[in-house]
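Everything on this sheet refers to the single structure shown next.
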Amino acid sequence: MFEGTLPQMIAVLTAPLNTRESKDIRSSDIGRRSDDDQIRDGNVDMVDNVIRHDQKSVLLQPCPTVRKILGQDEFSPSAESNFCTIGAISDGMHYGWTAPVLPILDSPNSPVKITHTDHTWLESIYMCGGITGLPITIYLVDKIGRKNSIILSAVISLISWTLIGVANRVEYIYVARFLVGLSGDVAFVAAPMYIAEIADKKIRGFLAGIIYIMMLIGILVIYAVAPFVDFYVPSIIGGILVVIQLITFPFMPDSPYYLISKGKEEKAKVQLKRLRTHGDTEKEFTEIATAVKRQKSERGRPQDLFISKSNRKAVVIMFVLNAAQHFSSISVMLMNLHEILSAAESTYLSSNISGIVFATLMLVAATIADFIVDKFGRKILLTTSSLLTGLSLLTLAIFFTLKNSGVDVDGISWIPVASVMVYAAVFKFGLGIIPIVMTAELFPAKVKAMGMTIADFFYVVFALISVELYQRLVSVYYYDLPFYIFASSCLLTAVFAQFYIPETKGKTLEEIQFILKGEPYPHRLSTMKIDKIGGSEGDIKPKEIESA
């Protein structure tokens with residue numbers, strides 16, 4: 001829901017890497033046949049070439065709205081993801097709103113008079129809205145569906161921007177901040193679920209990461225715009241973004257997983273065909289229906305999160321990753337960046353410019369990570385990001401220790417700026433984007449809404465704890481101690497990621513459940529085997545087993 005206070009982000013309006021072929025590829029045999037067929041025939045390289053060809057040409061593909069106007073009723077999961085997450089830009093603007101706007105409200109020419117107490121409330125009431133939205137989220141995503149929940153969230157966000165834009169009293173802003181906290185919670189549970197359920201497994205990580213990057217764009221927009229324009233202008237920008245989402249997203253296909261879970265099989269088939277413009281949708285429909293049926297055999301009660309071995313492991317991973325995000329100091333950084341650099345007496349960049357550079361680096365890193373998350377996998381990105389984030393925080397902590405000890409640090413006063421900028425880049429490269437991708441993948445359909453909502457709850461809780469811990473330690477000790485703690489947390493996260501978290505790249509949602517249970521996936525075992533005879537170590541030669 002919130003960047004730095006809830007997970008859950010680019011403006012990369014691309015098509016998926018392997019669901020829409022160009023004209024010449026579509027006419028080829030490779031373009032029509034399934035990946036399993038290609039693998040069995042030894043055409044792995046040819047399939048990979050097709051995917052790479054699509055990746056180069058996706059920017060030439062028209063958006064779904066244009067295709068619909070042209071009479072083409074074909075959609076791609078990446079297009080749905082883009083329209084689904086446009087609202088995340090608006091939510092990012094809401095989250096970063098206080099940093100550049102509070103100084104404006106404190107000025108003599110402020111359109112809304114506030115006190116120092118209002119500073120704290122304008123931030124905390126946003127989180128209170130998120131907590132209030134948790135039970136509402138659980139109900140909505142299962143009752144009215146992922147798609148309709150996203151639309152409802154956008155309506156509430158539009159109301160919030162309207163209240164801020166016309167506000168002449170701080171009470172209006174309080175109501176707006178509370179409402180957008182609530183709507184953001186719904187959106188950042190429903191959107192990852194929707195994306196995970198419509199996406200092809202090979203690009204699911206890429207598409208799920210879009211919501212993070214969209215939100216970073218929103219933070220960058222509010223940092224870059226708010227200090228230099230009138231108070232109401234950001235509200236107009238945010239409102240326009242939400243209106244675009246409300247105009248486009250209702251025409252997108254619904255989740256086949258959700259429709260099947262509600263007994264709407266025929267409608268699910270239609271929606272799946274709109275999402276897949278090639279391949280055997282009947283086969284995929286059967287797999288989805290089988291997965292939903294198997295997963296629904298587990299009753300969707302809160303205790304089911306702990307009865308099933310796979311659910312228990314998913315809960316542990318979700319809990320640790322949400323804690324890791326905030327105890328890597330992301331909330332502290334976003335809420336106190338100016339204060340931290342001022343305490344370090346770093347004069348290389350002004351606070352406004354520092355905020356813009358910081359958000360830009362996070363955006364670039366998150367965008368790169370989103371493109372490669374399905375290439376290199378979740379584990380390596382998360383482990384590497386955690387290590388580098390920890391080292392950048394450790395460097396900052398050591399600088400504060402030297403400064404507090406009376407050491408002359410004038411010659412190295414550039415270190416704090418460099419450390420936080422490195423932090424911005426490496427955090428978003430993995431630690432800031434992988435948790436939301438994996439949370440959407442780990443829980444089975446029956447408890448997914450519950451699991452992701454609980455993840456949201458802990459995200460808020462850990463955000464509040466990390467910020468409170470920082471404030472108390474800084475007031476009693478100094479700036480170095482909290483950053484030593486945050487650095488240690490990052491290093492421990494790297495160990496956890498390497499040895500406990502499973503790799504979910506290229507796995508179907510059903511396969512992931514078997515991995516969490518520690519069981520082999522029956523479909524693969526019954527249709528394929530690994531034949532290494534005649535090949536070097538590591539060569540994999542799948543071939544069909546007629547006796548299976």
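The numbering used here numbers the first residue of the sequence shown as 1 and each following residue consecutively. Glycine included, every Cβ here is placed at the ideal spot set by N, Cα and C. Since this is a predicted model, take the numbers as computed values, not measurements.
In the displayed model, T508 falls within coil according to three-state DSSP, outside both helix and strand.
Non-local C-beta neighbours of F427 in its own chain, meaning closer than 6 Å and more than five positions away in sequence, comprise T389, ordered along the chain. Going by beta carbons, V180 and I136 fall outside the 9 Å limit. For W121, the enclosing alpha helix (DSSP H) has its first and last residue at 116-143. Here F228 is exposed, its C-beta having fewer than 16 other C-beta atoms within 10 Å.
Of N148, Y223, A196, F231, the smallest CA-CA separation from N168 is found for F231.
Secondary structure note for I244: its alpha helix (DSSP H) is the uninterrupted segment 233-248.
Boundaries of the alpha helix (DSSP H) around P103: 98-106.
Under the 8 Å Cβ criterion, the stretch 381-398 counts as touching the stretch 416-430, having at least three qualifying pairs.
In this chain, the alpha helix (DSSP H) harbouring P416 covers 415-426. Under the three-state reduction of DSSP, D230 is assigned to coil, being neither helix nor strand. Counting other Cβ atoms within 10 Å of its Cβ, I353 stays below 16 and is therefore classed as exposed.
Distance from the Cα of L442 is smallest, within the candidate group I222, T493, M318, for M318. Secondary structure note for R169: it is in no alpha helix (DSSP H), with a DSSP letter that is neither H nor E. Going by beta carbons, F486 and A323 fall outside the 9 Å limit. M252 carries a coil assignment under DSSP once its states are collapsed to helix, strand and coil. The alpha-carbon separation between R472 and L481 amounts to approximately 11 Å. Within a 10 Å sphere around the beta-carbon of F483 sit 16 or more other beta-carbons, which makes this residue buried. P444 carries a coil assignment under DSSP once its states are collapsed to helix, strand and coil. Rounded to whole angstroms, V155 and S342 show a C-alpha spacing of 39 Å.
In the same chain as S489, and ignoring 5 residues on each side of it, the C-beta atoms closer than 7 Å to its own belong to A324, F327, S328, in chain order. The beta carbons of V242 and G92 sit no closer together than 9 Å. Between I219 and A366, the beta carbon gap of about 11 Å keeps them out of contact (Cβ cut-off 8 Å). Three or more pairs of CB atoms, one per stretch, sit closer than 8 Å, so the stretch 499-518 contacts the stretch 306-316.
Exclusion of the five residues before and after V292 leaves Y257, I260, S261, A445 as the residues of its chain whose Cβ lies within less than 7 Å of its Cβ. I104 places its beta carbon 9 Å or farther from that of A224. As summarised for the stretch 336-420, the continuous alpha helix (DSSP H) elements at least 4 residues long and confined to that stretch are 351-376, 378-404, given in chain order.
One alpha carbon belongs to E345, the other to T493, and they sit about 31 Å apart. Taking C-alpha positions only, M333 is separated from V420 by approximately 8 Å. Judged by pairs of C-beta atoms under 8 Å, the stretch 137-157 touches the stretch 239-253, as three or more such pairs exist. CA-CA distance, F285 to G263, rounds to 13 Å. With respect to the C-alpha of G87, the residue from W161, V170, E197, P253 having the closest C-alpha is W161. The beta carbon of A190 sits closer than 6 Å to the beta carbons of V141, R146, S149, I150 from its chain, once the five residues preceding and following it are set aside; these are given in chain order. For L492, the enclosing alpha helix (DSSP H) has its first and last residue at 480-499. In chain order, F496 place their CB closer than 7 Å to the CB of V320, counting only its own chain and leaving out the 5 sequence neighbours on each side. Excluding residues up to 5 positions away in sequence, I515, L516 lie with their Cβ nearer than 7 Å to the Cβ of P502 in the same chain.
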